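Enquirer: Under this note's numbering, the first residue of the sequence shown is numbered 593, with each subsequent residue one higher.
Quick reminder that beta carbons are idealized off the backbone N, C-alpha and C, glycines included.
Quick caveat, the model's predicted, so the values are computed rather than measured.
What follows is a single structure, and I will ask about it in a moment.
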Amino acid sequence: MSINFKPKVGQVLDCNYGVYPKDTNGCILDNIVDAHMPPEMVKRRLVIVLNGKLNGNSSIVVPLSTTLDEIKLKRGFHVQLDAGVIEDLKYFPPKTCWAKCDMVQTVSNRRLNKPMLAGRGWLSQCIPVNIITLIQQAILNSIKSSENLLM
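Okay, structure coming up:
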């Protein structure tokens with residue numbers, strides 16, 4: 593069930609990004625523009641909220657991934673979160689993960705849910721401010737990359 597509140601900055605939520613459309617053979621259709629297209633974000637992922645007060649029905653989030661991208665980490669586009677930073681969750685075991693700050697996105701709050709804890713209940717955790725600051729800086733790094741400067 594989607595959230596019915598304005599999430600806080602740093603709050604960890606579960607985001608259902610959806611899936612890529614497929615043909616009858618199961619092959620991804622990458623030419624449908626009114627659906628997700630590779631390499632856009634898909635599937636359920638943990639996200640960190642950066643702004644939950646846009647207009648009451650959407651939030652700016654940064655997705656988390658357990659897949660390391662060395663190049664983007666070195667360029668300052670991703671931020672590492674060590675195992676244990678996020679509480680133990682039912683569907684997301686505690687692992688080192690990375691905030692993919694080059695994939696920051698505005699999503700409908702209908703895509704967002706509180707993740708289930710490994711025991712009972714729902715997660716109500718906010719990431720520490722120092723990590724949020726690193727994430728915000730990494731977003732700026734990805735936007736102002738010297739390769740993107742107009743000359």
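#1: By the 10 Å Cβ neighbour count, where 16 or more other Cβ atoms means buried, how is M695 classified, buried or exposed?
#2: Could you pull out every unbroken beta strand (DSSP E) segment of at least 3 residues lying fully inside the segment 660-691, listed in chain order?
#3: Of the residues D626, R637, Q717, which one's Cα is nearest the Cα of K600?
#4: In chain order, what residues of the same chain have a beta carbon less than 7 Å from the beta carbon of H670, not counting five sequence neighbours either side?
#5: Which runs of the beta strand (DSSP E) fall wholly inside the segment 602-629 and span at least 3 residues, in chain order?
#6: Assuming L579 contacts P613 (C-beta within less than 8 Å), just tell me the rounded distance between them.
#7: Mind checking who N643 pairs with in its DSSP beta bridge?
#8: Taking a contact to mean a Cβ-Cβ separation below 7 Å, would you say S651 touches N701 in this structure?
#9: In its own chain, which residues sit with a C-beta less than 7 Å from the C-beta of F724, not counting the 5 before and 5 after it?
#10: For I595, tell me which candidate among L715, S734, I735 has the shortest Cα-Cα distance.
Expert: With the structure as the only source:
#1: For the purposes of this step, residue 695 is taken as the residue at position 103 of the sequence shown. Buried, by the Cβ-count rule.
#2: The DSSP assignment places complete beta strand (DSSP E) segments of no fewer than 3 residues inside the segment 660-691 at 670-673, in order along the chain.
#3: Walking along the sequence shown from the start, residue 600 turns up at place 8. Ranking the options by Cα distance to K600, first place goes to Q717.
#4: Here residue 670 refers to the residue found at position 78 of the sequence shown. Once the five neighbours on either side are set aside, the close Cβ partners of H670 are D661, K664, W690, A691, K692, C693, A730.
#5: 604-608
#6: Here the chain has residues from 593 to 743 only, and residue 579 is not among them.
#7: On the sequence shown, position 51 is the one that residue 643 refers to. DSSP, once it has assigned bridges, lists I652 as partnering N643.
#8: Position 59 of the sequence shown, counted from the first residue, corresponds to residue 651. Position 109 of the sequence shown, counted from the first residue, corresponds to residue 701. Contact: yes.
#9: Start at 1 with the first residue of the sequence shown, and residue 724 comes out as number 132. A small fix is needed here, since residue 724 is Ile in this sequence, not Phe. Closer than 7 Å at Cβ, skipping near neighbours: V601, G602.
#10: Position 3 of the sequence shown, counting from 1, holds the residue named residue 595. That would be L715, whose Cα lies nearest to the Cα of I595.
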